[in-house]
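Right, one structure below, let's go through it.
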Amino acid sequence: MIRQSKKDAILELKNTGMSLRKIARTLKVSRNTITKILKDPDEAAPHRESRHEEHVPLIRDL
Numbered sequence: 000m001i002r003q004s005k006k007d008a009i010l011e012l013k014n015t016g017m018s019l020r021k022i023a024r025t026l027k028v029s030r031n032t033i034t035k036i037l038k039d040p041d042e043a044a045p046h047r048e049s050r051h052e053e054h055v056p057l058i059r060d061l
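The numbering of the sequence shown is numbering that gives the first Met the number 0, which starts it at 0 and goes up by one.
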């Protein structure tokens with residue numbers, strides 16, 4: 000998952016005219032990730048529940 004600060008840096012560097020490859024090398028992020036962020040910068044990562052979430056009610060009952 001990419002932090003918002005890194006997404007902002009990607010957008011800023013692209014707006015200055017830097018190539019995708021150079022952005023990827025500079026920020027140590029894959030070119031595919033850069034492309035995804037540029038296509039939809041506001042897209043949130045899917046929320047994953049932790050493995051223990053289904054057991055929380057059982058634990059609380061103890």
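Don't be surprised by glycine CBs; every beta carbon is placed ideally from N, CA and C.
- Remark: C-beta atoms of Thr25 and Ile1 do not approach each other more closely than 8 Å.
- Counting only residues of its own chain and dropping the five nearest sequence neighbours on each side, Ser29 has a CB closer than 7 Å to the CB of Ala23.
- Remark: C-beta atoms of Leu10 and Pro40 approach each other more closely than 8 Å.
- By the neighbour-count definition (other C-beta atoms within 10 Å, threshold 16), Ile36 is a buried residue.
- Taking each of Ile58, Lys38 and Ser4 in turn and checking the Cα distance to Leu19, the smallest one comes out for Lys38.
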